[in-house]
Each structure stands twice: as structure tokens, then as C-alpha cells.
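Protein chains in written order, with this note's numbering: chain A, 29 to 131; chain B, 1055 to 1220; chain C, 128 to 818.
Next comes the structure, spelled out in C-alpha cells:
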């Protein structure tokens, strides 16, 4: 097993863990946490491929990862703002209970 | 594979697991921070120092704090009476396991064609700056726009509604 | 339509024959116009009718003069015919036509003259009736149809006009149709004559099939001409008759119906329900005479096959039926109390005389009596009408009396007619015509019985007429209001007819047999020696004795008497049981009621049962089948069609409900499905790149 595949495996594992958390936890914020984990796993993938790729001097992977971090931060901000607003309306963050879109 | 890799991997995975499994939401947020730190260490190990420090600054310094604030603002520290996992948690687990299976299988199948060790690249901040202002200036500007919008949006979304007329 | 005008060569062209068809056509056209008039236009209707019949009379007189004028120049009788083809079917033609010969000429004059007088009489008699216009419409149609019967050269045209005459008779008998008796009488008349007409039609069809033509005279090709007759004689029919005899008998059946001969006489007395002018015209002078005229027309057929001095089966049957009718009706007339019924039975009796005369003596004998009878019977009926009018509608002779003082003109004319009917010697036409028949009967070499029957009939005729006259005109008035004489419109025709009742006898005396010679086309010779032919004087004497005997008996029993209606008649007191039979018309109607009518009633009930049960049942079964089908349809529609549709919709709704469960509003569910989808896509990608 090459180092690259090791990193990729770890990233995959992290991604699955994040997905599992997003799909199974009740609290909306924990879903967001899961999503952050998934994004991070993707970042890890990017950096790993940059490092072991053909042209690391082009900096493509690194720049991509940096942008990803920036976007993830913005998205986390907006998402958490939304969760706060939902909490104000529904007085709960339990995703099982928020089903006004039902039907 | 060096012992550093396994150590950092173990740390990161443990942090991730804790982040999704713990009952107390604040503990989850703190575990998340540990995971972020592990990832930063990974980046450092992979000679992506800038990314690693950016990770520490942004994720641990901002996102994690944000999450904790959100948890506190929504009284997330209280554990709900029906349990923290949703009713059909097994479906979610199965799907995640399936995803891991597919990804893992893909990685392991293509292990033979993956490239081996290469020389460590030297990346200077100057190079990164040049790249950002040169080749990747357009994405940079767009991200700036995105961040502005996100900021404004987050403020508006989370703002208290004004009572009475505007 | 090709016209073949055939005429025997002569000096003047036969213009008259060409226009002969106008004689019946004009009154029919007048009838059509009157039918379109409104009820109040009485004067117009009467004028049209009388005018049209006057025109027909003028034309008939012109034709008669033409025939008489031509008679002087020739040896054989004149016969001018105009024939045309009406339509063709297959290879046969149906032809119609009219004929002008002595027989039709004399009948034309008689019918139109007597008809015109009766029309004039009707303007007075029907003056108070509100259906005046309708009366003239019908009677004008009748006159036209009767004239059509007279001139017809085709048996088919004769039959058409015959039926028209029957129709108008029905319409006129039932003229006062609101009276149930009148409606029933009209029905009876048409049904009874119909029976005869069916047999007539059979004979006609048979004749057509055997000879191929229905024309009487057609230049040698007609059915009354020798060629056709010999063909008919060679054809055998049933019961030993030839075709000629059988057809003759069938045609006689039609004549028997129309002329009231013995089994089919029952309608004539009931026909007196119609107005008196109708009785005079139709049921005395003309329509009933149509039967006699028909036999005279087809006489060559009836006579075909007879050897010299002998006779045929058909003519024998005619004679016997006629003689029986004469006696039968005369017997019944003795015991009747209605003034018109007596005259009706008298008519039936005289028709029997005419038939007997035709059978035994030939055309001239029968037709002469027909002509004289027309005049004096019309006179008697019109006189009776005058009496009824004067007695304010009373018709029972037991409630009249002493009218010779109150209605003198009517009395005198009536007496003349009565004496003519009885056959009072020498000055009255009836004597000569009846004597002609008696002479023929005496000379008939088949049997003597008809002669004795006819003599008995003459005795009875004198007897019952004396009874009637004594009751009506002599004695004292037994009715309600005082009687009055009738207006001029009614008495003038009486006078004219009286003249003819007396004068016509001149044409038929043995001294100057003008009539017979006219019909035969021979020259008429005035020869007083004709009176003293062997046996003739004795016969005239014998008939005179019989007449005086009848008159005397009648006067003895009824003259000077004035019985009240409640009292029984003189004869009734003497012989009550025979009187009762005669009073009840010898139960002829009752016999019919028990046999024919009962039979028909049974058939009608059977048919009604069939209709209700069998055909109706079949219809009901079909209807029930349809209802069942409808119910089945409804069941299918409700349960199968609706049910399946409803089920389908239900399934759709359920399916929709099931599918809607996917949208449970929970974010994590959506996320899961997303993730699943991605996994599937990735798998597909890998799989396809590997393959």
C-alpha cells in the first residue's frame, strides 16, 4: 500500500464518518459538523493528490484546497445562521420534528 | 508508512468518531476541533504548510468557534429525551458504510497505478501569492465576492425580525 | 293513353259519343266544388248541384235524340263506344271506356230527369236542415257516379262507379249521423252490399283472366261479344256450370246485394233512416236499379249457351230469386206501420219483379218495368216525404188520416202513383210494364210457379197499398197538430212525376211495342192487332181481376176504418200469429244475428284472445327480455365498469399516498436518498468503465 492510498483511505474513512453523522444525528448542528468533516476529508484528498501528483510545482491542488477552506467557512457561517433562525421559529433543532415540508 | 502517519490518522479518526457519536453537543464540537487539528498535522506532513496553517486558522480558529456559538445559542447542550440518533439511524449507517465500501474498493483496486514517492516540493509563500494573483485571480475575486455575500447573508438570516413597520 | 273510337259507320260523326263522359263528370265536379264551400252558402250549393244535373240532363237528352234519330236509319242497334287504355301491367292492358246505345241512352235520361226533380224537391224538404250544403255535395256525387255506372263500357269502370254509388249511399243513409239508428243503418247497408260486391269482384277477375279484357264492346274483341262468349262457354266450372254461367252467377250476386234480392235485402228497409229525397232517389229509382241494369248490361253473358226457346242456369237462378223476393217482401209490407217502410218493402218486391222479368223475358221486359217503377216509386216516396213534412215529422200511418182534405195535391199525385204501382189497367204505366213481366212468366217453359208467385205478389201489392192509402188519406185525422200542404218546391216535382207515371205506359203496350223495338234496334210498328195475340187479352183480363181483387179486399178491411195506434189491426185481430211474423219482418234480421253475426262475433273474440294472449304475450316476452337486458346492463355498468374505474382511481390514490410518503419533510431522509443515489451513480460509472 502506497502512502497515497493510505491517505486516500483515511480520507475515505473520515468522509464516511462525516456522512454517517450527517445522516443519523438528530441535531441540525451535528449535521453541519458532519458536513464539515466531509469537506475536510475532501481537502485531504486534494492535498494528497497534489503531493503525489505529476506536477506539484503548479500548486493547483494547494490552491484548490485553500479555496475549499474559504468556501467551507462561508458555508458554515450561513448554515449556522440558518440553524439559529430555525431554532427561533420552531423552538427546536430536532430534525425529526421539523417536517413542515412534508407531503 | 511511517508511525507518524498512523498516529495522526488515529487521532483524526478518533476525533471524527467522537464528533459524531458523543451525546453532548459541545463535546462533539470539541472533538471536531481535535479532528481539524489532526488534519492540519496531515497537511504539514504532506509538505503543504500553507494549507495546514490556513486550516488551523480558519477551521479551528473560526469554524469551530462558530459551531460552539451556534450550539450555545440554540441550547444544544440539552440532550433530547428520545436519544440523539434519529429513528432510522441504521439506514444512514448502512448508506455511509456503503459509501466507504465503494471508495475503499476504488482506492485499493487502483493501488497499482498510483504513483510512488516523489521528491518533496518546495512551496514558498511568494509562489502562492504569485499564483493567487496571477493564474487564479478570477477564482480569488469570486471567493471574495462569495465571502462578502455569505457574511451579509448570515447577518440577515440570523437577525432578529424588527417589531412593527420598517 | 290511346283512344280507340269505334263506331258503326253512319252519316253524322258521333260528336255526342266523344263528350259522353261529361254527363257523369260534371255532377262529380260540382260535388267537389260544393265540398269546398262553407256551410252557410246554401244557395250556391243548390244552384251548383241543380245546374250540373240540368246540364247532364240536356246532354243525355241530346244523346237520346241522337240515338232515336239514328234508329230510323238502321237495322241493328246503334252502339258507339269510346275506349282507352288506363294502364298496363306486364303484357296486359287495363282499358276503360263508355258506350252509347239504346239501353244506356234511355237510362241516362231517366236517371238525370228523375234526379233533377228530386234535387228540386230537396231544396224544399231540406230547407230547415243545417247540413244543407253537405247534402247537396253527397247527392251530386251520387248522381255523377250513377250516371257513370250507366255509360260504362268496361266492367272495371262500372265497378268503380258502383262502389262510389255505394259510398254515397252510405254517406246519405247516415246523413243524420248523430242518430245511432242512422249510423247503424248506414253500416248495415254498406256491409251487406259489400258481401255481394266481393262476389262481383271475383266474377270480374275471373272474366278478365279468361277473356283478357273487361270491356263490354270493343269491335268484336269485347267480353260481351261472341268471340269471348264462345271461349267462356267451352270452359267448365264447378257443379256442371260453364265459366260463363259461373261468372254470370257471381255478377248476379253483386246485383242481388245492390238491388236487395232475397238473402241480402235486409239493408233496404233500414236505409229509410236517411232523408226522404235520398230514399226516393237512391233506394227507389236509381241505385237499387243499378243491379238490374248490371244484369241487363251483361245479359249476353247470362244468356250465353242457351238453346232456342230454352234458358241458362244463370237466368233460371235470377228468375227464382226475383220471384221469391217479390212474394217475400210483399208479405212483409202488409204488416208494416211506417209509411216509408211499406214503400221500402214494396221496392224490394218490385225489384224482384224486375229480376224475374229479366230472367224470363229479356232485357226489354225488365228494363221497361225499371223505368216505369223509377217514376212512380220516386213519386210515391216524394209524396210520402210531403206527407211526413206536412205532419211535422210523423211517420206512423196509424197516427195520420184524413189527409185528402188537408193535402189535396199530395193526395192526388200519391193516388196516381199508388195505382200505377198496383197496375191499375190501361191508363197507368205500371199495368203495362207489370203485364209484360207476367206475360213472359206465363210463356216461360221451365216452370209455371214463378207466374203464380208473381200473381200473388200483384194481389198483395194492391192490398197493402190500399191499406196504406186508406190509413193515411182517408178516415179522420188521428195525429197531433193539424197537417198542412207542402210548398211548391215539393209539390211541383210530384205533379211532373205523376204525368210520367201515367204517360210512360204508352211506350210499352203490345199494340205499339216502342220500347222493346228501340232496345232491339228493330222498327216499332203500331198495330192494334198486337193486343189480340193469343192469350194476351186473357192475361190482361186476369191481371185486372187480380188488381181489383186486391183493391177491393184492402178497401173492405181498411176503407172507412180509423183505428187508433193502440188498437190492433183488423188483420191482426183475425190472424194474430201470422200477423206477428209479418210484423217482425219474417225474422230475417234475427236469423242473420244468430248465424252470421254470431259467427263473426266468435271469430272476433278469438282474434282478440290471440291478439292479447299470443301476439301480446310474445311482445310482452320480448319486452321482458329487453328489461332483463337493461337490468343486466345496469348491473354491469354499476359494478363492473364503475367498479373497475373506482378501483383504479383508488389504486392511483393509494399509490400516490404511498409515493407521497417519500416527501416526509425531513431533511435527513432527503440526504440519505441523495447519498444512495450518488453511490449508485458511482457504481455505474465504475462498472461501465470496467466493461
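All C-beta atoms, glycine included, are put in the ideal place defined by N, C-alpha and C.
Proximity test, Cβ basis, 8 angstroms: residue 1140 (chain B) and chain C: yes
Own chain partners of residue 407 (chain C) with C-beta closer than 6 angstroms, once the 5 adjacent residues on each side are dropped: 245, 505, 508 and 509
Completely contained beta strand (DSSP E) runs for the region 151-186 of chain C, where each covers 3 or more residues: none
Nearest to residue 305 (chain C) (by Cα), restricted to the options C:370, C:264, C:346 and C:401: C:401
Selection from A:31, A:47, A:32 and A:58 that minimises the alpha carbon distance to residue 1155 (chain B): A:47
Residue-chain proximity (residue 755 (chain C), chain A), Cβ-Cβ < 8 angstroms: no
Residue-chain proximity (residue 810 (chain C), chain B), Cβ-Cβ < 8 angstroms: yes
CB contact check: residue 70 (chain A) to chain B, cutoff 8 angstroms: no
Interface flag, residue 748 (chain C) vs chain A, CB-CB below 8 angstroms: no
Identified DSSP bridge partners for residue 215 (chain C): C:220
Chain A contacts from the region 790-817 of chain C (Cβ-Cβ distance under 8 angstroms): 790, 791, 792, 793, 794, 795, 798, 799 and 802
Spatially closest choice to residue 218 (chain C) from C:339, C:556, C:604 and C:630, by CA coordinates: C:339
Limits of the unbroken alpha helix (DSSP H) element including residue 822 (chain C): Here chain C has residues from 128 to 818 only, and residue 822 (chain C) is not among them.
Rounded C-alpha distance that separates residue 138 (chain C) from residue 346 (chain C): Confidence at residue 138 (chain C) is low in this model, with a pLDDT of 35, below 50, so its placement is unreliable and no value can be given for it.
Chain A contact residues for residue 1079 (chain B), given Cβ-Cβ distances below 8 angstroms: 55, 57 and 58
Beta-carbon gap between residue 58 (chain A) and residue 1079 (chain B) smaller than 8 angstroms: yes
Through-space distance from residue 247 (chain C) to residue 274 (chain C), alpha-carbon basis: 18 angstroms
Contact between the region 695-715 of chain C and the region 445-463 of chain C (3+ Cβ pairs under 8 angstroms): yes
Spatial neighbours of residue 383 (chain C) in its chain, beta-carbon cut-off 6 angstroms, leaving aside the 5 residues before and after: 323 and 391
Beta-carbon gap between residue 611 (chain C) and residue 529 (chain C) smaller than 8 angstroms: no
Option nearest residue 582 (chain C) by Cα separation, candidates C:161, C:550 and C:699: C:550
Interface flag, residue 128 (chain A) vs chain B, CB-CB below 8 angstroms: no
Rounded Cβ spacing between residue 389 (chain C) and residue 445 (chain C) (contact assumed at less than 8 angstroms): Not really, about 12 angstroms apart at Cβ, beyond 8 angstroms.
Proximal residues of chain C, C-beta to C-beta of residue 1182 (chain B) below 7 angstroms: Here the premise fails: no neighbours, minimum Cβ distance about 32 angstroms.
Check: residue 188 (chain C) C-beta below 7 angstroms from any heavy atom of the ligand HEM: Within the structure as shown, the ligand HEM is missing, as the structure has no ligands at all.
Cβ-Cβ distance between residue 76 (chain A) and residue 39 (chain A) below 8 angstroms: yes
Anticipated Cβ contact below 8 angstroms, residue 228 (chain C) with residue 205 (chain C), distance rounded: 6 angstroms
Closer than 8 angstroms to chain C by CB, residue 47 (chain A): yes
Runs of alpha helix (DSSP H) lying entirely within the region 75-121 of chain A, each at least 4 residues, in chain order: 88-118
Status (buried if at least 16 other CB within 10 Å, exposed otherwise) for residue 1164 (chain B): exposed
contact_flag[the region 675-688 of chain C, the region 585-602 of chain C] where n(CB pairs < 8 angstroms) is 3 or more: yes
Helix, strand or coil at residue 55 (chain A) [DSSP, three-state]: strand
Three CB pairs or more closer than 8 angstroms across the region 248-262 of chain C and the region 229-238 of chain C: no
Beta-carbon neighbours of residue 118 (chain A), restricted to chain B and to distances below 7 angstroms: Within chain B, no residue comes near residue 118 (chain A); the closest Cβ sits about 10 angstroms away, beyond 7 angstroms.
Beta-carbon contacts of residue 177 (chain C) that lie in its chain and below 8 angstroms, excluding the five residues immediately before and after: 243, 246, 247 and 250
Rounded distance between the beta-carbons of residue 1105 (chain B) and residue 93 (chain A), thought under 8 angstroms: 5 angstroms
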